[in-house]
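Undergrad:
Number of protein chains: 2
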Amino acid sequence: MDPDLSAVDARLDALDADGYLLDADGTDPNQQYLSGFDAPDPFVTLYAGGTHLLFVRSLEFGRAKRDARADTVERFVDFAYDQRLEEHGRREAAAQVRAAFLRDHDVESVAVPPRFPTGTADALREQGIEVVVDHDDAIEQARAVKTDEEIEHVRAAQRANERAMAAAEDLIRGAGVDDEGRLVHEGEVLTSERVREEIEVTLLRDGCALDETIVACGADAADPHDQGSGPLLAEEPIILDIFPRDKATKYHADMTRTFLVGEPSETIEEWFELTDRARKAAIDAVEPGVTGAEVHDAVCDVYEDAGLPTLRSDGSTETGFIHTTGHGVGLAVHEQPSVSQRGGELEPGHVITIEPGLYDPDVGGVRIEDFLVVTEDGAENLTEYPVELTAE
Amino acid sequence: MDPDLSAVDARLDALDADGYLLDADGTDPNQQYLSGFDAPDPFVTLYAGGTHLLFVRSLEFGRAKRDARADTVERFVDFAYDQRLEEHGRREAAAQVRAAFLRDHDVESVAVPPRFPTGTADALREQGIEVVVDHDDAIEQARAVKTDEEIEHVRAAQRANERAMAAAEDLIRGAGVDDEGRLVHEGEVLTSERVREEIEVTLLRDGCALDETIVACGADAADPHDQGSGPLLAEEPIILDIFPRDKATKYHADMTRTFLVGEPSETIEEWFELTDRARKAAIDAVEPGVTGAEVHDAVCDVYEDAGLPTLRSDGSTETGFIHTTGHGVGLAVHEQPSVSQRGGELEPGHVITIEPGLYDPDVGGVRIEDFLVVTEDGAENLTEYPVELTAE
Chain A
1 MDPDLSAVDA
11 RLDALDADGY
21 LLDADGTDPN
31 QQYLSGFDAP
41 DPFVTLYAGG
51 THLLFVRSLE
61 FGRAKRDARA
71 DTVERFVDFA
81 YDQRLEEHGR
91 REAAAQVRAA
101 FLRDHDVESV
111 AVPPRFPTGT
121 ADALREQGIE
131 VVVDHDDAIE
141 QARAVKTDEE
151 IEHVRAAQRA
161 NERAMAAAED
171 LIRGAGVDDE
181 GRLVHEGEVL
191 TSERVREEIE
201 VTLLRDGCAL
211 DETIVACGAD
221 AADPHDQGSG
231 PLLAEEPIIL
241 DIFPRDKATK
251 YHADMTRTFL
261 VGEPSETIEE
271 WFELTDRARK
281 AAIDAVEPGV
291 TGAEVHDAVC
301 DVYEDAGLPT
311 LRSDGSTETG
321 FIHTTGHGVG
331 LAVHEQPSVS
341 QRGGELEPGH
351 VITIEPGLYD
361 PDVGGVRIED
371 FLVVTEDGAE
381 NLTEYPVELT
391 AE
Chain B
1 MDPDLSAVDA
11 RLDALDADGY
21 LLDADGTDPN
31 QQYLSGFDAP
41 DPFVTLYAGG
51 THLLFVRSLE
61 FGRAKRDARA
71 DTVERFVDFA
81 YDQRLEEHGR
91 REAAAQVRAA
101 FLRDHDVESV
111 AVPPRFPTGT
121 ADALREQGIE
131 VVVDHDDAIE
141 QARAVKTDEE
151 IEHVRAAQRA
161 NERAMAAAED
171 LIRGAGVDDE
181 GRLVHEGEVL
191 TSERVREEIE
201 VTLLRDGCAL
211 DETIVACGAD
221 AADPHDQGSG
231 PLLAEEPIIL
241 DIFPRDKATK
251 YHADMTRTFL
261 VGEPSETIEE
271 WFELTDRARK
281 AAIDAVEPGV
291 TGAEVHDAVC
301 DVYEDAGLPT
311 LRSDGSTETG
321 FIHTTGHGVG
331 LAVHEQPSVS
341 QRGGELEPGH
351 VITIEPGLYD
361 PDVGGVRIED
371 FLVVTEDGAE
381 NLTEYPVELT
391 AE
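Respectively, the protein sequence lines represent chains A and B.
Quick note: the UniProt record's numbering has the first sequence finishing at residue 392, numbered continuously throughout.
Quick note: the UniProt record's numbering has the second sequence finishing at residue 392, numbered continuously throughout.
Okay, here's the thing in structure tokens:
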């Protein structure tokens, strides 16, 4: 896939910079997008004059020439690194070869993303190269608008995600309950860890990796970023939030469901219904030209009308709706655009989550998350998974 | 575990900085080490006056107060973020609250690691805070010397690693060979992908995660960073390089073995014996006070004496021994100290790999990697796994 870098070209014009420079390893989504190359250690990618140039250590040279989306691949040794090292030491030598590489391509000034390393920036500045921070991160902005091919990648990751969710739901719904109210599977207490393993193994067999999965019950579930641990309990909502990365394409999916075994309390039942209503209201609001802020407002309206606090009504609340409505998903699991109080206009090709939720340490947590692509005239929900608190 | 930060204290004195500042998410090993906190989005940790301070968004506040290695946790809202946002916009507001947080703790100058984000550094400088890059990365240096507890963590990860290697070796050694020379398991051609899945599932069930695993055969194996793909072949060396992370402790292990089904060529047999000899020579050389460069020299000597090129004898060679001898392993899979031409003195508590190897696209690749801890009087090999090219 060749990315559409017109946003980056425009930014270079606006910042009056000769090229766009990255210095990051292959886990960095901007680096993946611009270089098309994966390496465990940081390497340099320069985008200048419409061409992609990679600057790597010898170890990565052959693979970079073969795999990278690069017109040219050059090496430290091509710029007399060893001699410079001998003469000037590691830090100065690294700065000199980077500056020499840039000047060799007529680049005297570079734009860099906000998370570009300060060590490299300061070193280049000492070599007389101008380094301007592109605070709006043109590459991340370019990444936000997905091509049809990228949408197929996230769709495929979401299918795998749904198979993993189904495996986890089967475990939970099929569990018995012991006399302490804990879920039991095949004679053993069912834990967050056991369900997480089921999810992870299912995803692995489907070619997906994931660093974290949330399987949180009771007080754990009241903290949106708590991964959860220990026994799962009947009559308590259990939040499952799964966000795998397809290992081949590197694109992510993201989905959350809340399950409960037994009889929910009135509060949980009400929270679940409200949250599902908030989800639908947000999805209905999504279309090109609408802002992320307006979609977020649709969720806050539902909760506030029901008398529940949100960060919009009280910026320091620790219960109620205490996060944003959603975020972009792609090479990163959290990326642009933001579906929040500060979210800008949605465009066709944006892939976003809609994930309203309610939290209180005394009650637990409820969250429902779907995963959509903004289309020319609205949105397509990429999630094909039922929304049910209890078993039918 | 409370890290020993005396190296950081000394660096702050040397750089005349009031505090050490990080701005990174929970995947950053320095952040893990200093904050003891994990979050998916970047957060700020300040180490000043011997105390740890975290500066987080509201969403992470409760969990940070509970989990982080922090004397104090503060939030953006504590510094009037919303009002500043309204008045000055996102970028200026973020810079102002960070500067206000620092000044509230009497910090006017900060040291930052080389990969600290330039966007944050420049913004703080605009607010009058002095930002000095600590090019020698005192936190990474502190991380390099492991406590007994950390050594137990890497040892535990290595035990899991060996179970995964054994599962993969069983698959490969137990395979048949079809008439095209491909390995066959239970009637299906055995691929890199299938062996990788076996490794990953075994590790997952042992509480370990991994982003990548190398299972590379033939020409793939001739590139040290190629992950490998497709059918595995008899009479070709197959390199398995596994570097999992224990999900609970976040510490890594690292080991490589090379297996061959059938009869090896004379070249491969010679390469394997040389590489094992290089491995032993390097391990014998490891003790406190010896430099990483001397250990690396021990490997280069073995190869060069046999007439094979190394990067020491020819800095631009693409065949032979084309990488360094090893690296530190801990919260990062690649960290200090370096066991290379530029490696400094080894100290007790350093955990390093020793991984000589030979590569040529026309022959394939051979690599053997053990994983050691430097002790008071030598080294302990943390690897308990046989070194055998073919089945006994």
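Beta carbons: idealized from backbone N, C-alpha and C, even for Gly.
Between the stretch 377 to 384 of chain A and the stretch 7 to 16 of chain B, do three or more beta carbon pairs fall short of 8 Å?
TA: Touching, no.
Undergrad: Assuming contact is defined by CB atoms lying nearer than 8 Å, are S340(B) and H296(B) in contact in what I supplied?
TA: Yes, the pair counts as a contact, with Cβ atoms nearer than the cut-off.
Undergrad: Would you say L232(B) reaches chain A, if we count a Cβ-Cβ gap shorter than 8 Å as a contact?
TA: Under the Cβ distance rule, L232(B) does not count among the residues neighbouring chain A, no pair being separated by less than 8 Å.
Undergrad: I need the straight-line Cα distance from E269(B) to E392(B), nearest angstrom please.
TA: 14 Å
Undergrad: Among residues of its own chain, excluding the 5 on either side of G364(A), which ones have a beta-carbon nearer than 8 Å to its beta-carbon?
TA: C217, G218, A219, A221, A222, E236, P237 and I268
Undergrad: Can you list the beta strand (DSSP E) stretches of 3 or more residues lying completely in the stretch 268 to 346 of chain A, in chain order?
TA: 326 to 328 and 335 to 339
Undergrad: For S109(B), list the residues DSSP reports as bridge partners.
TA: E130(B)
Undergrad: Note down, in chain order, every chain A residue with its Cβ under 8 Å from the Cβ of I322(B).
TA: Under the 8 Å cutoff, chain A gives S58 and L59.
Undergrad: Give the single residue among F243(A), G330(A), G187(A) and A48(A) whose Cα lies nearest to the Cα of R103(A).
TA: The residue from F243(A), G330(A), G187(A) and A48(A) with its alpha-carbon nearest to that of R103(A) is A48(A).
Undergrad: Residues of chain A with a CB under 7 Å from the CB of R115(B): which are they?
TA: P117 and G119
Undergrad: Residues in its own chain within less than 6 Å of F272(A) by CB, not counting five upstream and five downstream?
TA: V366 and L389
Undergrad: Who are the Cβ neighbours of T310(B) in its own chain at under 7 Å, not counting the five residues just before and after it?
TA: C300, Y303, E304, G320 and F321
Undergrad: From the beta carbon of L102(B), is the nearest beta carbon of chain A less than 8 Å away?
TA: no
Undergrad: When the Cα of H350(A) is compared with those of H225(A), V373(A), P361(A) and G343(A), which residue comes out closest?
TA: V373(A)
Undergrad: Using a Cβ cut-off of 8 Å (strictly closer), state whether L389(B) contacts chain A.
TA: no
Undergrad: What three-state label does DSSP hand A391(B) in the structure shown?
TA: For A391(B), the secondary structure class from DSSP, reduced to helix, strand or coil, is coil.
Undergrad: For E108(A), tell me which candidate among F101(A), E92(A), E130(A) and G89(A) has the shortest Cα-Cα distance.
TA: E130(A)
Undergrad: Would you mind telling me which residues of chain B sit closer than 8 Å to S35(A), beta carbon to beta carbon, in chain order?
TA: The premise fails here: S35(A) is roughly 14 Å from chain B at the closest Cβ pair, so nothing lies under 8 Å.
Undergrad: Quick one: what does DSSP say T249(A) is sitting in, helix, strand or coil?
TA: coil
Undergrad: Counting contacts by CB-CB distance shorter than 8 Å, is G343(A) in contact with chain B?
TA: no
Undergrad: Write down the C-beta distance between D106(A) and D18(A) rounded to the nearest angstrom, noting that I regard them as a contact closer than 8 Å.
TA: 7 Å
Undergrad: Could you give the first and the last residue of the continuous alpha helix (DSSP H) run that contains L59(B)?
TA: DSSP places L59(B) in the uninterrupted alpha helix (DSSP H) bounded by S58 to D67.
Undergrad: Once the 5 residues before and after A121(B) are set aside, which same chain residues still bring their CB inside 6 Å of it?
TA: Excluding sequence neighbours, A121(B) sits near V131.
Undergrad: Nearest to D178(B) by CA position, among G262(B), L331(B) and P29(B), is which residue?
TA: G262(B)
Undergrad: Identify which residue in A168(A), P114(A) and A278(A) has its Cα closest to the Cα of L260(A).
TA: L260(A) has its Cα closest to that of A168(A), out of A168(A), P114(A) and A278(A).
Undergrad: CB-CB under 6 Å to D44(B), same chain, minus the five flanking residues each way: which ones, in chain order?
TA: Reading the sequence as shown, one finds Val at residue 44(B) and not Asp. Hits under 6 Å: D23 and F55.
Undergrad: Within 10 Å of its beta-carbon, does K65(B) have 16 or more other beta-carbons around it, so buried, or fewer, so exposed?
TA: exposed
Undergrad: Got a sec? Which residues, its chain only, sit under 7 Å from T325(A) by beta carbon, not counting five neighbours each side?
TA: The beta carbon of T325(A) sits closer than 7 Å to those of A282, V295, H296, V299, V339, S340, I354, E355 and P356, all from its chain and outside the five residues before and after it, given in chain order.
Undergrad: Between the C-alpha atoms of E287(A) and E347(A), what's the straight-line distance to the nearest angstrom?
TA: Take the alpha-carbon of E287(A) and the one of E347(A): they are about 8 Å apart.
Undergrad: Of the residues H135(A), A248(A) and K146(A), which one's Cα is nearest the Cα of V329(A)?
TA: K146(A)
Undergrad: Going by Cα to Cα distance, which pick from T256(B), T249(B), R245(B) and L233(B) is closest to H225(B)?
TA: T256(B)
Undergrad: Would you mind telling me which residues of chain A sit closer than 9 Å to L204(B), beta carbon to beta carbon, in chain order?
TA: E197, E200, V201 and L204
Undergrad: Does the beta-carbon of R163(A), which I'm using as the reference point, lie nearer than 7 Å to any heavy atom of the ligand FAD?
TA: This structure lacks the ligand FAD; in fact it carries no ligand of any kind.
Undergrad: Would you identify the three-state DSSP class for V366(A), choosing helix, strand or coil?
TA: strand
Undergrad: When you compare each of K280(A), R279(A), V333(A) and Y359(A) to L308(A) by their alpha carbons, which one comes out closest?
TA: Y359(A)
Undergrad: With DSSP as the reference, label G176(B) as helix, strand or coil.
TA: Reduced to three states, the DSSP call for G176(B) is strand.
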